[in-house]
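Colleague:
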Amino acid sequence: MKHKIPPTSTKPIEAAVPFWRDAGKRAIAFQIVALFIVSGASYYLFSNTQANLARQSIATGFGFWGKEASFEIGESLIRYSAADTYARALLVGALNTLKVSFIGIILTTILGSLVGIARLSSNWLVSKVAGSFIELMQNIPVLLQLFFWYAVFYESFPSPRQALNPIKGVFLCNRGFIFAIPETHSAHAVMGWMFLAVLVGGWFLNRWGYQRQELTGRPFPAGRITAALALFLPLLIWALYGAPTAMNIPELRGFNFTGGLTVSPEFGALLLGLVLYTSAFVAEIVRAGIQSINRGQIEAAKAIALRPGQVLRLVIIPQALRVIIPPLTSQMLNLTKNSSLAVAIGYADFVAVANTTINQTGQAIEGVAMIMVVYLFFSLTTSVFMNWYNKHMALVER
Amino acid sequence: MKLTKTLVLVLSLCLMLVSFAHAGKDLDAVKSKGFIQAGVNGSLFGFGMPDAKGNWAGLDVDTARAIAAAIFGDASKVKFTPLSAQQRFTALQSGEIDVLTRNGTQTLSRETQLGLNFVSVNYYDGQGFLVSKKLGVKSAKELDGATICVLPGTTTEQNAADYFRTNKMSWKPVVIESTAELAKTFFAGRCDVLTSDASQLAGTRAIAQNPKDYIILPEIISKEPLAPAVRHGDDQFRDIVDFSVLAMINAEELGITSKNVDEMLKSKNPVIQRFLGTSPGNGKSLGLDEKWAYNIIKQVGNYGEVFERNVGVNTTLGIERGLNALWTNGGLMYSPPFK
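Protein chains in written order, with our numbering: chain X, 1 to 398; chain Z, 1001 to 1339.
1) For the region 115-131 of chain X against the region 282-300 of chain X, are there 3 or more C-beta pairs whose distance is under 8 Å?
2) Distance, Cα to Cα, residue 22 of chain X vs residue 377 of chain X?
3) Per DSSP, which one or two residues make a beta bridge with residue 253 of chain X?
4) Which complete alpha helix (DSSP H) runs does the region 139-199 of chain X hold, if anything under 4 residues is left out?
5) For the region 1099-1127 of chain Z, list every residue whose C-beta sits within 8 Å of some C-beta in chain X, in sequence order.
6) Answer with buried or exposed for residue 183 of chain X, where buried requires no fewer than 16 other C-beta atoms within 10 angstroms of its C-beta.
7) Do residue 345 of chain X and residue 251 of chain X have their C-beta atoms within less than 7 Å of each other?
8) Does any CB atom of chain Z fall closer than 7 Å to the CB of residue 338 of chain X?
9) Ordered along the chain, which non-local residues of its own chain (more than five positions away) have a Cβ less than 7 Å from that of residue 1105 of chain Z?
10) Determine the chain Z residues that contact residue 255 of chain X at a beta-carbon separation under 7 Å, and present them in chain order.
11) Short of 8 Å in beta carbon distance, which residues of its chain neighbour residue 1329 of chain Z, apart from the five on each side in sequence? Order them along the chain.
12) To which residues of the same chain is residue 269 of chain X closer than 7 Å at the C-beta, ignoring the five residues directly before and after it?
13) How long is the line joining the alpha carbons of residue 201 of chain X and residue 226 of chain X, rounded to whole angstroms?
14) Between residue 1274 of chain Z and residue 1161 of chain Z, what straight-line distance do the alpha-carbon atoms span, to the nearest angstrom?
15) If you draw a straight line from the C-alpha of residue 357 of chain X to the C-alpha of residue 1278 of chain Z, how long is it?
16) Starting from the Cα of residue 1140 of chain Z, find the closest Cα among Z/1313, Z/1221, Z/1317, Z/1107 and give me that residue.
17) Mind listing the chain X neighbours of residue 1230 of chain Z? Cutoff is C-beta to C-beta under 8 Å, in chain order.
18) Which chain A residues sit within Cβ distance under 8 Å of residue 154 of chain X?
19) For the region 337-367 of chain X, enumerate the residues whose C-beta is nearer than 8 Å to any C-beta of chain Z, in chain order.
20) Could you check whether the Cβ of residue 71 of chain X sits closer than 7 Å to any Cβ belonging to chain Z?
21) Just how far apart, CA to CA, sit residue 1112 of chain Z and residue 1089 of chain Z?
22) At which residues does the beta strand (DSSP E) containing residue 1080 of chain Z begin and terminate?
23) Using three-state DSSP, classify residue 1231 of chain Z as helix, strand or coil.
24) May I have the straight-line CA-CA distance separating residue 1054 of chain Z from residue 126 of chain X, to the nearest angstrom?
25) Using CA atoms only, rank isn't needed, just tell me which of Z/1108, Z/1327, Z/1122, Z/1079 is closest to residue 1310 of chain Z.
26) Would you tell me roughly how many angstroms separate the C-alpha atoms of residue 1185 of chain Z and residue 1195 of chain Z, rounded to the nearest one?
27) Alpha carbon to alpha carbon, how far is residue 1047 of chain Z from residue 1202 of chain Z? Give it in angstroms, no decimals.
28) Give me the residue from Z/1077, Z/1062, Z/1134 with the minimum Cα distance to residue 1210 of chain Z.
29) State the Cα-Cα distance for the pair residue 1040 of chain Z and residue 192 of chain X, rounded to the nearest angstrom.
30) Listed in chain order, which residues of the region 173-187 of chain X have Cβ atoms closer than 8 Å to some Cβ of chain Z?
31) Could you work out which residue in Z/1249, Z/1217, Z/1129, Z/1170 is closest to residue 1306 of chain Z when comparing CA atoms only?
32) Using a Cβ-Cβ cut-off of 6 Å (strictly less than) and excluding sequence neighbours within five positions of residue 1024 of chain Z, which residues of its own chain qualify?
33) Going by the DSSP bridge assignment, what does residue 129 of chain X pair with across the sheet?
34) Rounded to whole angstroms, how far is the Cβ of residue 1244 of chain Z from the Cβ of residue 1067 of chain Z, which I believe are closer than 8 Å?
35) Out of X/102, X/70, X/74, X/99, which one is the CA nearest neighbour of residue 87 of chain X?
36) With a threshold of 8 Å, are at least 3 pairs of Cβ atoms found where one atom belongs to the region 1030-1037 of chain Z and the other to the region 1077-1085 of chain Z?
See below:
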């Protein structure tokens, strides 16, 4: 349309409306100004920092990654010694953070759901116990709880030489909880793969069963069959490999136990503190989610003769999850972030390792930046997964 | 234009502030302030810690007092800022404190990369191991497989790792940020060994329920020359801090104590006369009152007195002079001539 208007006539009109009166152009102008301010400020901060660091001849960059770390780390999922590089030390720290967050999130979700459901129990005692648990855990700062559990671990358990030995191969002392594990054998890997294969097969079986029920109305017990196979098939493989029973039993040698698997007091205290604290919040979220379901839904479900378990599984939980998942995600992120309090009780998480790195290399800016990037990565990954799950669970509107 | 005028005014004010910050020498700033702001440990018994009445006490605290006595003729003109191991150098760099007397180890990287100067050493320390007597360990060489409590933010973690690697032994660290929490953990038996500077180990042992249950192993695995530090940029102030430390050492060598310093003023010995300012010169060279060394000794004491008062054998720490004896007694404490 525009091109039809002769240019002579448009000129005076454009002149009549100056650009600062034109909302669209003004918006663009503001954007450009904002962009300049932000990039100018970033440039100023960056160059200023660079200049200051150069003036004080403090090294910059990530060159230290390849240098020898020359400090020990208390516990590690991968092989590590003081002769390894800073990069590997930081990886050890990141994996330790991942370990405590991952196990913590799973345990928190389970415990929180149980307590949340117990809070709604018609049994007076169960409901009150759950209620007091929630109030107690929610209202004590988590750092205090960590100190408390850590003190419980190191104050109340005996020294390694007087370790408690409730059953053969299991020891409890102030160095942690040490127990026997099966000696490594080629059968274990095969058993693991078989277990995974059964789970994948189970997923397809479940889908097929669901489709059959849609078509014919006859349900198929896919869950039970998968569970039975997941238990039985690995055992069968174990038997085929000649049923290896050799155990790696911990024994006291010198100062400490060698062999077996050790759960350190630091890890135990951190996990316990984080799980108990966060699960109180999760319990409240679960309770709120369940209570958000209209009573009529439950009555209707009962009216069509669903059993109480089925009412919970088929009617309440699928709807409640939609209310539960978003705040649950935020609690999971809280747990991950709170795991950085590990520094206070000596668990070698990422922050602890990064702190030592900063102290030894003097490169605080890089160190803090790495801490931010690692937590951002963990949080975003959790968030992306939970958002996907949330979408999957959301009500499909027609 | 009013706006332009205001802008110019504001800009010039900013410039003035900036130039003040740069031109103001540390010594001038301290003098106009009327006191010295000293960074100290805050929780290290014998070196820097307030006593039950809230009065600061310790070897490092007395060193800061000596500097105040030299500049103002009054050892009480000093204020203390307790700092953690990780905060200390930043506090000095940023000008929050004037001098750092906080059991800091002088190292090449700190001297070159942190923009500060260490002065003469006021305590020669070294990293050691504290163990429970119940373990029956007599030497650090027997610590293979031990669990060891260490404090982060110091050179300790690295020293320990180096030592165990050199001796092909394995160990497990428990790294806890707070000194108090670390000590509690050690006493509860979570670790077999506590490692730190030997002076700190003595301090930790002193607060144990039964100090006799613990011993410090004979091996000292590192050199830790602890020295006060100042910022780059004011050499005169640096000299004053340096010679305040040295004056205490020199006084001990000359046999001058806080008790006999007044009699010593009448001494015929030219070395003592020069030192105490009865024959003038030293004070002028440093830009101080001629009585500066007299004031240090009169109000704070010589190095031996300060050592014995804070950490010596008659205190709860019970540390022998060892390396910190005068060079004439087989130690390392040595002062250049005051002339």
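Yeah, the Cβ is synthetic: ideal placement off N, Cα and C, and Gly gets one too.
Modeller: According to the structure data:
1) Counting Cβ pairs under 8 Å, three or more are found: they touch.
2) So the two alpha carbons sit approximately 42 Å from each other.
3) BP columns for residue 253 of chain X point to X/256.
4) Qualifying alpha helix (DSSP H) stretches, in chain order: 142-156.
5) Only 1109, 1112, 1113, 1114, 1115 from the region 1099-1127 of chain Z bring a Cβ to less than 8 Å from some Cβ of chain X.
6) By the neighbour-count rule (16 or more Cβ atoms within 10 Å), residue 183 of chain X is not buried but exposed.
7) It is not a contact, given that the beta carbons lie outside the stated cut-off.
8) Taking 7 Å as the CB threshold, residue 338 of chain X stays off the interface with chain Z.
9) Counting only Cβ-Cβ distances below 7 Å, and skipping sequence neighbours, we find 1155, 1224, 1225, 1226.
10) Residues of chain Z whose Cβ lies closer than 7 Å to the Cβ of residue 255 of chain X are, in chain order, 1145, 1146, 1147, 1192.
11) Same-chain partners within the cutoff: 1321.
12) Taken in chain order, the residues that qualify are 146, 149, 150, 153, 345.
13) When rounded, the separation of the alpha-carbon atoms in residue 201 of chain X and residue 226 of chain X is 8 Å.
14) Computed Cα separation, rounded: 49 Å.
15) The straight-line gap from Cα to Cα measures roughly 53 Å.
16) Checking every option, the nearest Cα to that of residue 1140 of chain Z belongs to Z/1221.
17) Under the 8 Å cutoff, chain X gives no residues; its nearest Cβ is about 15 Å from residue 1230 of chain Z.
18) In summary, chain A is missing from the structure at hand, where the protein chains are X and Z.
19) Cβ contacts with chain Z come from 343, 344, 345, 346, 348, 352, 355, 356, 359, 360, 362.
20) Yes - at least one Cβ of chain Z is within 7 Å of the one on residue 71 of chain X.
21) Here the C-alpha atom of residue 1112 of chain Z lies approximately 13 Å from the C-alpha atom of residue 1089 of chain Z.
22) Looking at the DSSP string, the run of the beta strand (DSSP E) that includes residue 1080 of chain Z is 1078-1082.
23) Looking at residue 1231 of chain Z - three-state DSSP - the assignment turns out to be strand.
24) Between residue 1054 of chain Z and residue 126 of chain X, the C-alpha separation is close to 52 Å.
25) Of Z/1108, Z/1327, Z/1122, Z/1079, the residue nearest in Cα terms is Z/1122.
26) Whole-angstrom Cα-Cα distance: 13 Å.
27) The alpha-carbon atoms of residue 1202 of chain Z and residue 1047 of chain Z are separated by roughly 11 Å.
28) Checking every option, the nearest Cα to that of residue 1210 of chain Z belongs to Z/1134.
29) A direct Cα-to-Cα measurement between residue 1040 of chain Z and residue 192 of chain X gives close to 57 Å.
30) Going along the region 173-187 of chain X in chain order, one finds 174, 175 with a Cβ nearer than 8 Å to chain Z.
31) That would be Z/1249, whose Cα lies nearest to the Cα of residue 1306 of chain Z.
32) Note that residue 1024 of chain Z scores a pLDDT of 42, beneath 50, so its modelled location is shaky; the value from the coordinates is reported in the next line. Answer for residue 1024 of chain Z: no residue qualifies.
33) By DSSP's assignment, residue 129 of chain X forms no beta bridge with any residue.
34) Rounded to whole angstroms, the Cβ separation of residue 1244 of chain Z and residue 1067 of chain Z is 5 Å, and the two are in contact under 8 Å.
35) Distance from the Cα of residue 87 of chain X is smallest, within the candidate group X/102, X/70, X/74, X/99, for X/70.
36) A contact exists between the region 1030-1037 of chain Z and the region 1077-1085 of chain Z.
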